[in-house]
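For the sequence shown, numbering that gives the first Met the number 0 gives the first residue as 0, with consecutive numbering after it. Glycine included, C-beta positions come from ideal geometry on N, C-alpha and C. I have placed the structure first, in the form of structure tokens, so that the comments after it can refer back to it.
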Amino acid sequence: MQSAAILCTKCGAASGEAAPQCAKCGGKNARVCGGCGFQNSIAKNYCDKCGNPITEIGLVVAPPPPTAVPGSAPSVIPATAVRHNAPKSAEPASPLPAAGRIGPNPFASTPISGDPWASTPAPAPRADDKPSRWPAIAKRSLNVAAGTLGLIVSLIGIWRWSENRKPDVAVSRAATRYLDALRARDFDFAYAQFSALAKAQCTRDEFVSSRGTAPWNWSGLRVERLEPDAALLAYELKPGEAAPRTDYVLFVKENGGWARPYNWVVMQKVEDAFIKGDIDRGLVLASAAAAVNPRDPMARAYLCEAAYYRKQPQEVEKHCRIAVDLVRVL
């Protein structure tokens with residue numbers, strides 16, 4: 000783009016701004032094209048003669064005003080007032096560079112290939128150092144999901160814990176383990192479910208000896224009666240090939256859990272004592288059986304029988320009434 004000069008058409012003074020009038024003599028300023036020297040109006044952006052843009056104003060040092068001959072008319076600034084330097088032609092002794100090639104940059108480092116004319120490849124665009132938002136969002140979502148899952152698992156655990164602590168659920172679970180152990184002849188596990196009084200009146204060997212060898216099975220366990228410190232459960236007993244019948248099992252609350260008040264071995268000893276005529280021993284053993292399981296009507300019936308043999312009518316009436324009441328309740 001050629002620069003233009005703002006010159007006065009009257010006195011030839013140069014101006015640094017595109018003012019319509021000369022600040023020196025008040026004459027009309029013109030925008031002189033730097034390419035062809037044509038005088039254009041101040042408002043022009045392109046030369047009317049050559050078409051070059053003349054928006055840029057060059058710094059032009061105004062020549063001294065010409066010496067006017069007295070009596071002569073003022074001269075008009077010719078179009079050649081602006082000097083143009085023609086491009087310097089190449090010296091004949093210097094050969095022109097080959098087409099399509101340029102001189103090597105003296106400040107550039109030598110390429111690895113050894114070719115000084117080899118073009119340097121453009122550097123690869125730098126990756127955006129700003130981290131993506133998606134990993135952070137995904138991590139936050141995973142944390143929220145993990146927290147929600149943990150809360151759900153905790154609530155399920157609390158619910159199951161509260162359910163398992165319900166008396167009917169807890170005693171049913173204890174009875175199931177006890178009956179399964181008896182059916183599988185796991186007498187060690189079954190004996191471990193005995194209450195403290197039951198273990199005191201019956202050894203493990205006595206318990207094992209009292210069990211038969213015939214196979215049997217059970218099903219349909221249900222809670223028949225539930226008290227704060229005792230529970231009576233019913234189930235269907237199927238002994239071998241015989242028809243199934245309803246049987247019962249009693250558990251008592253002991254040390255925060257449920258234990259089996261097993262007194263069958265003691266009552267067998269009571270029966271043997273009565274058969275042998277040892278009434279006093281029978282009374283002691285019957286009292287022990289009733290202490291192990293106060294809700295057993297059979298133990299109360301043995302106490303009633305012992306009182307009868309000892310001719311104690313009041314004791315007979317008391318124990319027989321208790322036995323009848325237990326039969327009605329159970």
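Roughly how many whole angstroms lie between the Cα atoms of Leu220 and Phe186?
Mapped onto the sequence shown, residue 220 falls at position 221. Mapped onto the sequence shown, residue 186 falls at position 187. Rounded to whole angstroms, Leu220 to Phe186 spans 20 Å at the Cα level.
Taking the alpha-carbon positions, what's the Asp179 to Tyr308 distance?
In the sequence shown, counting from the first residue as 1, residue 179 sits at position 180. In the sequence shown, counting from the first residue as 1, residue 308 sits at position 309. Looking at the two C-alpha atoms, the distance is approximately 40 Å.
Let me confirm a value: Ser14 is counted as buried when at least 16 other C-beta atoms fall within 10 Å, else exposed. Which label applies?
Within the sequence shown, residue 14 is the residue found at index 15, counting from 1. Label assigned to Ser14: buried.
Between Glu16, Tyr177 and Gln38, which lies nearest to Glu55 when the distance is taken from Cα to Cα?
The residue labelled residue 55 in the question sits at position 56 within the sequence shown. Among Glu16, Tyr177 and Gln38, the Cα nearest to that of Glu55 belongs to Glu16.
Could you spell out where the alpha helix (DSSP H) holding Thr175 opens and where it closes?
In the sequence shown, the residue the question calls residue 175 occupies position 176. For Thr175, the enclosing alpha helix (DSSP H) covers residues Pro166 to Arg182.
Report yes if the CB atom of Ala29 is closer than 7 Å to the CB atom of Thr8, and no otherwise.
Residue mapping note: residue 29 aligns to position 30 of the sequence shown, counting from 1. Residue mapping note: residue 8 aligns to position 9 of the sequence shown, counting from 1. It is a contact, given that the beta carbons lie within the stated cut-off.
For Gln267, I'd like the list of residues in its chain whose CB is within less than 8 Å of its CB, leaving aside the five on either flank, ordered along the chain.
The residue given as residue 267 occupies position 268 in the sequence shown. Counting only residues of its own chain and dropping the five nearest sequence neighbours on each side, Gln267 has a CB closer than 8 Å to the CB of Ser209.
Going by the CB atoms, is the gap between Val265 and Leu284 shorter than 7 Å?
Walking along the sequence shown from the start, residue 284 turns up at place 285. Walking along the sequence shown from the start, residue 265 turns up at place 266. Yes, they are a contact pair.
Closest residue to Pro214 among Lys237, Gly36, Ala18 and Ala230 (Cα-Cα distance)
Position 215 of the sequence shown, counting from 1, holds the residue named residue 214. Minimum Cα distance to Pro214 is reached at Lys237.
Extent of the continuous alpha helix (DSSP H) to which Arg244 belongs
Within the sequence shown, numbered from 1, the residue matching residue 244 stands at position 245. Element bounds for Arg244: not the alpha helix (DSSP H) but the beta strand (DSSP E), Arg244 to Glu253.
Please tell me whether Ala3 and Gly33 are closer than 7 Å, where the distance is taken between their beta carbons.
As a working note, residue 3 is residue 4 in the sequence shown. As a working note, residue 33 is residue 34 in the sequence shown. Yes, they are a contact pair.
Would the stretch 217-231 and the stretch 142-149 be scored as touching if the rule is three or more Cβ pairs under 8 Å?
The way I'd put it, the stretch 217-231 doesn't touch the stretch 142-149; fewer than three beta-carbon pairs between them come closer than 8 Å.
In three-state terms, what does DSSP make of Arg30?
Translated into positions along the sequence shown, residue 30 becomes position 31. Arg30: strand per DSSP, three-state reduction.
Can you give me the C-alpha to C-alpha distance between Leu302 and Ala169, rounded to a whole angstrom?
As a first step, residue 302 must be located in the sequence shown, where it is residue number 303. As a first step, residue 169 must be located in the sequence shown, where it is residue number 170. Cα to Cα, the separation comes out at about 32 Å.
Starting from the N-terminal side, write out each stretch of the alpha helix (DSSP H) that is 4 residues or longer and does not extend beyond the stretch 203-282.
Unbroken alpha helix (DSSP H) runs of no fewer than 4 residues, entirely contained in the stretch 203-282, are found at 203-209 and 263-274, following chain order.
Lys9 - DSSP class collapsed to helix/strand/coil
Taking the first residue of the sequence shown as position 1, residue 9 is located at position 10. The three-state secondary structure of Lys9, taken from DSSP, is coil.
For Glu240, count the other beta carbons within 10 Å of its own beta carbon; 16 or more makes it buried, fewer makes it exposed. Which is it?
Along the sequence shown, read from residue 1 onward, the residue named residue 240 stands at position 241. Here Glu240 is exposed: its Cβ has fewer than 16 other Cβ atoms, across all protein chains shown, within 10 Å.
Once DSSP output is grouped into helix, strand and coil, what is the label at Gln192?
In the sequence shown, the residue the question calls residue 192 occupies position 193. In the displayed model, Gln192 falls within coil according to three-state DSSP, outside both helix and strand.
Is the stretch 315-323 close to the stretch 281-301, with three or more CB pairs under 8 Å?
Contact between the stretch 315-323 and the stretch 281-301 is present: three or more C-beta pairs spanning the two stretches fall below 8 Å.
Apart from the five residues just before and just after Tyr45, which ones in its own chain have a Cβ nearer than 6 Å to its Cβ?
By one-based count along the sequence shown, residue 45 stands at place 46. Short of 6 Å from the beta carbon of Tyr45, and not among the five residues preceding or following it, lie these beta carbons of its own chain, in chain order: Pro52.
Would you tell me roughly how many angstroms separate the C-alpha atoms of Val323 and Val207, rounded to the nearest one?
Along the sequence shown, read from residue 1 onward, the residue named residue 323 stands at position 324. Along the sequence shown, read from residue 1 onward, the residue named residue 207 stands at position 208. Looking at the two C-alpha atoms, the distance is approximately 31 Å.
If distances are taken between C-alpha atoms only, which option among Gly256, Arg327 and Ser286 comes closest to Glu270?
The residue labelled residue 270 in the question sits at position 271 within the sequence shown. Checking every option, the nearest Cα to that of Glu270 belongs to Ser286.
Report the rounded CA-to-CA distance for Gly149 versus Glu253, giving the unit in angstroms.
Locating residue 149 in the sequence shown gives position 150, where the first residue counts as 1. Locating residue 253 in the sequence shown gives position 254, where the first residue counts as 1. Cα to Cα, Gly149 sits roughly 35 Å from Glu253.
Express the C-alpha separation of Glu235 and Gly256 in angstroms, rounding to a whole number.
Locating residue 256 in the sequence shown gives position 257, counting from the first residue. Locating residue 235 in the sequence shown gives position 236, counting from the first residue. Whole-angstrom Cα-Cα distance: 24 Å.
Cβ distance (whole Å) where Ala290 is taken to contact Leu232 below 8 Å:
For the purposes of this step, residue 290 is taken as residue 291 along the sequence shown, with counting starting at 1. For the purposes of this step, residue 232 is taken as residue 233 along the sequence shown, with counting starting at 1. In this structure Ala290 is not in contact with Leu232, their Cβ atoms being roughly 22 Å apart against a cut-off of 8 Å.
Which word fits Phe188, buried or exposed, when buried means at least 16 other C-beta atoms lie within 10 angstroms of its C-beta?
The residue labelled residue 188 in the question sits at position 189 within the sequence shown. Exposed: under 16 other Cβ atoms inside 10 Å.
Can you pull the DSSP bridge partners for Gln20?
The count along the sequence shown starts at 1 and reaches residue 20 at position 21. BP columns for Gln20 point to Lys27.
Measure the C-alpha to C-alpha separation of Val222 and Ser171 and round it to an integer number of angstroms.
Walking along the sequence shown from the start, residue 222 turns up at place 223. Walking along the sequence shown from the start, residue 171 turns up at place 172. Each residue's Cα considered, the two are about 7 Å apart.
What are the boundary residues of the alpha helix (DSSP H) that Lys48 is part of?
Walking along the sequence shown from the start, residue 48 turns up at place 49. Here Lys48 belongs to no alpha helix (DSSP H), and DSSP marks it neither H nor E.
Where the alpha helix (DSSP H) through Glu304 begins and ends:
Taking the first residue of the sequence shown as 1, we reach residue 304 at position 305. Taken as a continuous stretch (DSSP letters only), the alpha helix (DSSP H) holding Glu304 covers Pro296 to Tyr308.
Pro312, enclosing alpha helix (DSSP H) - first and last residue:
Within the sequence shown, numbered from 1, the residue matching residue 312 stands at position 313. That run of the alpha helix (DSSP H) goes Pro312 to Val328.
Where Ala3 falls: helix, strand or coil (DSSP):
Against the sequence shown, residue 3 aligns to sequence position 4. Note: Ala3 maps to strand in three-state DSSP.
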